[in-house]
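**Q**
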Amino acid sequence: MHGQFQERLRFEPYPFEPATSVFDVPAGSKNPRRLVKAWGHSVSKGPVWELLEDRAWFKEAHQNDIEEIGPFPRVLRPCVYQGLAWENMWEAMEFDPQRTSTWIPQSVPCAFGHFGEQTEINLAPLHSVNIYDFIPDTLAVVFNTGAPVGSVDWCPLSPDFQASNSFKQFLAVAILPSADYQIPVGLKVQRPHAGQLQIWSLEKSNITGLPVIACDMVLELDCGPALDLKWCPLPSHGQDVLGLVAGTFQDGSLSIFPVPAPDSYADAPTAPTIRMVRPAVRIEIEETACLCFDWANSEVIAVGCTNGYIAIFDVREAILGKGEEGLIPLQYIFVHQSAIRNLTWILDPPTSNEGTPRLAEDPCLIISVGFNGVLNLTDLREQSPHTLQRIRDVPSSLQFSYFAEGVLVADSDYSVKCMDLTLGGIGKSRYLLDTSGPIMSIGCSALHAHLAAGSADGSCHTRNLLKTTKRGLAAPISQKIFQLDYSRTSRQYRMLENFLPQDSSEKFSAIAAKRAKTAKGSKAQDIKVPPDTSVLSSAWSPEVSVTCVRWNDSSGFACAPWLASSTNSGLCRVDWLKGRFNGSRIPYGSVEAIRADDSTEILSDDSG
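According to the UniProt record's numbering, the sequence shown is numbered sequentially starting from 1.
#1: If you compare alpha carbons, which of 337, 312, 345 is closest to residue 330?
#2: Need the endpoints of the beta strand (DSSP E) that residue 203 sits in, please.
#3: So residue 628 is in the alpha helix (DSSP H); what residue range does that whole segment cover?
#4: Is there contact between the stretch 277 to 293 and the stretch 245 to 255, where contact requires at least three CB pairs shorter than 8 Å?
#5: Taking a contact to mean a Cβ-Cβ separation below 8 Å, would you say residue 231 touches residue 172 in this structure?
#6: Going by beta carbon distance, what residues of the same chain come within less than 7 Å of residue 412, once the five residues before and after it are set aside?
#7: If you scan the stretch 210 to 297 from start to end, which runs of the beta strand (DSSP E) of 3 or more residues do you find wholly inside it?
#8: Determine whether the beta carbon atoms of residue 483 and residue 45 lie at a separation below 8 Å.
#9: With distance defined between alpha-carbon atoms, name the residue in 219, 286, 567, 109 nearest to residue 455.
#10: CA-CA distance, residue 136 and residue 292?
#11: Are the stretch 198 to 209 and the stretch 104 to 121 in contact at 8 Å, needing three or more beta carbon pairs?
#12: Return the CA-CA distance between residue 582 and residue 41, expressed in angstroms with no decimal places.
#13: Taking the alpha-carbon positions, what's the residue 531 to residue 435 distance?
#14: With 16 as the cutoff for other CB atoms within 10 Å, does residue 6 come out buried or exposed?
#15: When the Cα atoms are used, what is the spatial distance from residue 296 to residue 114?
#16: Can you give me the Cβ contacts of residue 386 inside the same chain, cut-off strictly under 6 Å, excluding the 5 residues immediately before and after it?
#17: Report the partner residues of residue 122 according to the DSSP bridge assignment.
#18: Is it the case that the Cβ atoms of residue 228 and residue 248 are separated by a distance below 8 Å?
#19: Exposed or buried, which one is residue 17 when buried takes at least 16 other CB atoms within 10 Å?
#20: Can you tell me the Cα-Cα spacing of residue 473 and residue 467, whole angstroms?
#21: Just checking my contact of residue 314 with residue 542 at CB under 8 Å: how many whole Å lie between their CB atoms?
#22: What first and last residue would you give for the alpha helix (DSSP H) that runs through residue 321?
#23: Please report the residue range of the alpha helix (DSSP H) in which residue 426 lies.
#24: I need the DSSP call for residue 594, collapsed to helix, strand or coil.
#25: Look up residue 386 in the DSSP assignment and say whether it is helix, strand or coil.
#26: Using the Cβ count rule (16 or more neighbours within 10 Å means buried), how would you classify residue 32?
#27: Starting from the Cα of residue 358, find the closest Cα among 553, 62, 21, 38 and give me that residue.
#28: By how many angstroms is the C-alpha of residue 93 removed from the C-alpha of residue 595?
#29: According to DSSP, is residue 417 part of a helix, a strand, or is it coil?
#30: Classify residue 357 as helix, strand or coil using the three-state DSSP reduction.
#31: Could you name the residues of the same chain whose beta carbon sits closer than 8 Å to that of residue 610, not counting the 5 residues immediately before and after it, in chain order?
#32: Would a C-beta distance cut-off of 8 Å place residue 126 and residue 170 closer than the cut-off?
#33: For the alpha helix (DSSP H) containing residue 459, list its first residue and its last residue.
#34: Is the Cβ-Cβ distance between residue 560 and residue 572 less than 8 Å?
#35: Can you pull the DSSP bridge partners for residue 443?
#36: So what does DSSP say about residue 366, is it helix, strand or coil?
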């Protein structure tokens with residue numbers, strides 16, 4: 001992390017409660033190997049709270065008007081776009097789910113609970129169920145959106161906003177027309193074309209004290225279904241707006257919408273329907289369509305286009321102008337010979353000629369992958385791509401990880417691998433996690449070293465990025481959070497959980513042995529091939545696919561264990577995944593010893 005002091009937790013966080021934090025020397029700043037080894041002792045499904053630290057970097061945190069503690073800014077994620085009046089941007093309508101042909105709400109019959117003791121529930125649209133009612137040691141909720149879900153994302157919230165709203169969290173959910181919906185690469189629909197987003201709120205029940213989730217509002221759009229969906233990475237809430245959410249849509253545009261504050265419609269008997277009259281910003285490129293995008297910060301966006309170009313836009317002035325269209329890209333670079341499937345910023349500041357980080361400037365490196373399987377690194381200062389690897393498939397997900405110091409990529413053999421971006425190992429990769437189906441989504445956090453992966457076979461997995469994979473040491477372990485199954489005969493679902501940890505090296509050992517056995521030479525023929533039992537079937541119903549997984553890393557340390565996942569069935573799930581050390585023993589005896597810091601706390605603060 002850039003700076004001298006690092007914020008961390010003093011006590012264990014709990015859902016919907018304030019967290020007490022302190023500032024001290026960043027973990028691993030004096031002895032980097034201690035941090036890696038300490039994270040290697042995290043053996044549970046989620047992160048350990050003792051090692052949580054915010055490694056995100058945004059240039060907005062390094063402005064002159066930001067209060068600082070020594071040389072380190074106190075506010076790592078400042079609020080942006082404050083004081084704007086969003087007038088005539090939306091209008092409330094009567095709730096009518098049959099108004100659009102893209103969303104016909106469906107009830108989902110699903111069984112929950114322990115294997116062999118499950119209870120079937122017919123979950124109605126816009127309703128939820130608490131997993132605690134079936135498995136008391138599981139803190140999770142499942143809700144039905146009524147239609148397939150393509151993407152979910154957590155709304156960034158400031159500590160003050162959370163404290164004034166009982167630490168409620170918000171999710172944006174992008175609805176798809178059908179479970180077998182395919183991305184219309186290069187195909188634009190004419191506006192108006194119906195699309196829909198849903199805003200769900202997660203809060204603490206006043207009766208049971210357990211988490212409950214409810215649909216606060218349904219947003220109707222005229223630009224078609226969302227192909228990708230992401231909130232502005234910094235808190236952008238105001239008096240009448242919850243935040244700014246951006247997406248690429250089927251009309252070929254990238255649009256940014258201000259989401260109304262749910263409190264304005266708190267008296268509505270059902271989830272109100274809000275028709276978005278126009279976006280705050282609409283980006284369209286005449287000769288191509290916007291397919292994917294990523295925020296660098298609250299001002300700069302990189303857009304992947306269907307003609308293989310990457311367009312860089314500065315949207316700040318357009319947002320302040322509330323409705324400017326026809327934006328001209330800052331840069332328009334030809335990167336791929338096919339449509340760009342996904343891209344991500346390498347969120348590290350550029351450096352001066354002397355090697356000093358320029359913290360107040362925009363990042364300049366982008367990793368992208370095309371439909372031809374080529375993984376490219378693009379330096380905006382050179383405006384030319386560099387090929388890192390060719391993959392024998394179309395990777396559906398791509399994420400930059402602060403903790404792994406690399407990019408996480410979905411590989412062709414149902415696995416997730418990490419592409420190293422350090423100076424001495426750029427281009428090298430290592431396998432992290434494998435599933436029984438194609439990887440549909442990868443999620444990582446700026447607060448901890450655990451990744452999440454959603455698969456087409458209906459499973460959701462987590463894995464410690466910093467768990468060692470060296471030969472002779474303990475094998476990497478992955479945790480299966482849940483498994484969604486579908487019966488074609490009874491047309492019913494079941495959600496299984498409480499799986500034993502899985503050894504991620506078993507599948508790769510079997511693959512390596514099979515390749516060696518087919519090699520030429522008498523010695524290779526004598527190699528014994530271990531049985532590969534990881535693949536159960538190759539025929540999955542499209543309804544069970546886990547389309548998106550997202551850690552909540554934008555609303556403080558107390559929200560870091562929250563993991564949201566969505567499926568093609570319309571069922572979405574939110575889990576509280578608390579971590580623990582192996583043997584419940586903190587490595588090196590204490591958190592201060594891990595940081596190799598002889599001093600005690602420098603400053604304490606209560607924040608959400």
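We treat Cβ as the ideally placed atom computed from N, Cα and C, and that holds for glycine.
**A** Reading from the atomic positions:
#1: 312
#2: 195 to 204
#3: Since the first residue shown for the chain is 1 and the last is 608, residue 628 is missing from the structure and cannot be characterised.
#4: yes
#5: yes
#6: 391, 392, 393
#7: 211 to 221, 226 to 231, 241 to 249, 254 to 260, 273 to 276, 281 to 283, 290 to 295
#8: no
#9: 567
#10: 40 Å
#11: no
#12: 5 Å
#13: Legend: pLDDT at residue 531 = 46, less than 50; position of this residue unreliable, no value from coordinates given.
#14: buried
#15: 43 Å
#16: 377
#17: 109
#18: yes
#19: exposed
#20: Residue confidence for residue 473 is low, a pLDDT of 47 falling below 50, so the modelled location carries little weight and cannot support an answer.
#21: So it is not a contact: roughly 38 Å between Cβ atoms.
#22: 316 to 321
#23: From DSSP, residue 426 is part of no alpha helix (DSSP H); its letter is neither H nor E.
#24: helix
#25: strand
#26: exposed
#27: 62
#28: 54 Å
#29: strand
#30: strand
#31: No information on residue 610 is available, as it lies outside the stretch 1 to 608 that the chain covers here.
#32: no
#33: No alpha helix (DSSP H) holds residue 459; the beta strand (DSSP E) holding it covers 459 to 464.
#34: no
#35: 452
#36: strand
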